[in-house]
Amino acid sequence: MQAKLQKISSDSEFLKYQALNRKMYETKMMRDIPRLKTELLFWKQKTAHAKKREAHLEEMFKQHQKNMAAIIEKAEGDLKAHPEWQAFERLSRQRSQLQSEVETVAADLDVATDSLETVDLNRGQLEAQIQSVGQSIASCQVSLRGLAEEQQRLALVLQSSPRVDIAEMEREIGMLEQRLAELRGVPGPT
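Add 433 to a position in the sequence shown, counting from 1, and you land on the number used in the working numbering.
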């Protein structure tokens with residue numbers, strides 16, 4: 434009879450210990466699940482932000498390339514459409530032709546020489562415009578290099594960021610929630 438009472442007492446202590454252990458485990462899981470969900474949300478947001486930033490930089494880089502091409506094309510078009518540039522090209526051709534005819538067409542050579550002197554006076558203005566176009570192109574190239582460096586820096590940041598397996602975290606949270614539901618006596622999510 435004494436042995437039977439001791440066994441009942443021992444079983445009762447074990448059941449109390451088991452219930453206490455289950456309660457402690459349940460409390461720990463109730464703390465861990467919200468923390469893991471918060472961490473999962475943080476990594477999802479960080480990954481989405483990095484991808485959005487990378488796409489934005491790529492779009493800026495493409496737009497800058499397009500703008501630079503348009504600036505160069507417009508500058509070349511403006512330069513070629515400039516009356517003084519056209520006159521310079523035309524008179525340069527005339528000078529080459531007149532130089533070959535100088536022995537027979539002295540009068541035409543005098544007229545062409547006067548015109549060329551006028552063109553030479555305007556050449557300084559044309560050269561200044563050409564230099565300005567060159568500076569614009571150089572500025573665009575510097576901006577492009579800056580964008581490329583920023584894109585490389587972002588790529589390095591993404592590579593150096595810790596890799597988080599979001600799917601694995603979601604699976605672990607699901608298992609913890611199911612285990613918590615089982616401990617409470619409620620079937621877990623399927």
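Note that the Cβ used here is the ideal one computed from N, Cα and C, for glycine as well.
Remember, it's a predicted structure, so these values are computed and weren't measured experimentally.
(request) Consult DSSP for D511 and reduce its assignment to one of helix, strand or coil. (result) Mapped onto the sequence shown, residue 511 falls at position 78. Three-state result, D511: helix.
(request) Would you give the residue range spanned by the alpha helix (DSSP H) that G618 belongs to? (result) Position 185 of the sequence shown, counted from the first residue, corresponds to residue 618. G618 -> no alpha helix (DSSP H), and no H or E assigned at all.
(message) I need the DSSP call for D547, collapsed to helix, strand or coil.
(response) Counted from its first residue, the sequence shown places residue 547 at position 114. Here D547 sits in helix by DSSP.
(request) Work out the CA separation of E491 and D465 for me, nearest whole Å. (result) Taking the first residue of the sequence shown as position 1, residue 465 is located at position 32. Taking the first residue of the sequence shown as position 1, residue 491 is located at position 58. So the alpha carbons of these two residues sit roughly 39 Å apart.
(request) Determine, using beta carbons only, whether Q564 comes closer than 9 Å to chain D. (result) Absent from the structure is chain D; it holds one protein chain and no more.
(request) Check E603 in the structure and name its three-state DSSP category. (result) Position 170 of the sequence shown holds residue 603. Residue state, collapsed to three classes: helix.
(request) Pull up the CB-CB distance for I599 and L469, whole angstroms please, since I reckon it's below 8 Å. (result) In the sequence shown, the residue the question calls residue 599 occupies position 166. In the sequence shown, the residue the question calls residue 469 occupies position 36. Contact flag wrong, Cβ pair sits at about 11 Å.
(request) Flag this pair as yes or no: are the beta carbons of I563 and L512 separated by less than 9 Å? (result) To locate residue 563, count along the sequence shown from 1; it is residue 130. To locate residue 512, count along the sequence shown from 1; it is residue 79. Against a cut-off of 9 Å, the Cβ pair of L512 and I563 comes out as a contact.
(request) From the DSSP output, in three-state form, read off D598 for me. (result) Sequence index remark: in the sequence shown, residue 598 carries index 165 (1-based). Reduced to three states, the DSSP call for D598 is coil.
(message) Beta-carbon within less than 8 Å of R578's beta-carbon, same chain only, minus the 5 sequence neighbours each way: which residues are those?
(response) The residue given as residue 578 occupies position 145 in the sequence shown. No residues qualify anywhere along the chain.
(request) May I have the straight-line CA-CA distance separating E446 from L589, to the nearest angstrom? (result) Stepping through the sequence shown from its first residue, residue 446 is reached at position 13. Stepping through the sequence shown from its first residue, residue 589 is reached at position 156. Answer to the nearest angstrom: the Cα atoms are 58 Å apart.
(request) Would you kindly work out how many angstroms separate the C-alpha atoms of A488 and H482, rounded to a whole number? (result) If you number the sequence shown from 1, residue 488 lands on position 55. If you number the sequence shown from 1, residue 482 lands on position 49. The alpha-carbon atoms of A488 and H482 are separated by roughly 10 Å.
(message) Does the stretch 450 to 465 come into contact with the stretch 610 to 620, if we say contact requires no fewer than three beta-carbon pairs (one atom in each stretch) closer than 8 Å?
(response) yes
(request) With DSSP collapsed to three states, give me the class of T537. (result) The residue labelled residue 537 in the question sits at position 104 within the sequence shown. Three-state result, T537: coil.
(request) Have a look at L453, M463 and Q451 and flag the residue whose alpha-carbon is nearest the alpha-carbon of R612. (result) Looking up residue 612 in the sequence shown gives position 179. The option with the nearest alpha carbon to R612 is M463.
(message) Comparing C-alpha positions only, which one of A561, K477, Q585 and K449 sits nearest to E601?
(response) The residue labelled residue 601 in the question sits at position 168 within the sequence shown. Ranking A561, K477, Q585 and K449 by Cα distance to E601 puts K477 first.
(message) Rounding to the nearest angstrom, what Cα-Cα distance links S533 and Q496 in this structure?
(response) Counted from its first residue, the sequence shown places residue 533 at position 100. Counted from its first residue, the sequence shown places residue 496 at position 63. Looking at the two C-alpha atoms, the distance is approximately 50 Å.
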